[in-house]
Amino acid sequence: MAAILGAVAGFFLARRSMMSYMKKNPPISEEMMRSMMTSMGQKPSQKKLNQMMAQMKAQAAQADKK
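Position 42 of the sequence shown, counted from 1, bears residue number 42 in the UniProt record's numbering, the numbering being contiguous throughout.
Spelled out as structure tokens, the structure:
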């Protein structure tokens, strides 16, 4: 019984820590966005990169609320 409770508690603890890690360190950085835009033939400006990163953070925050 204790093993089952430990496994369940461990799962939720690991899930919570992973979600906070992903929030602090998003999987896509500005450098990755810049290289993607360059490969698509666009010349990325810093303003456009900042807008895209802000949109991604807003979407992630909205997804967390659900």
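Beta carbons: idealized from backbone N, C-alpha and C, even for Gly.
The segment 58-66 makes no contact with the segment 30-50; the number of CB pairs closer than 8 angstroms stays below 3. If you draw a straight line from the Cα of M40 to the Cα of K47, it is about 18 angstroms long. In this structure, DSSP gives S39 a helical state, which the three-state scheme calls helix. One Cα belongs to M37, the other to S17, and the distance between them is close to 31 angstroms. For N50, the enclosing alpha helix (DSSP H) has its first and last residue at 46-65.
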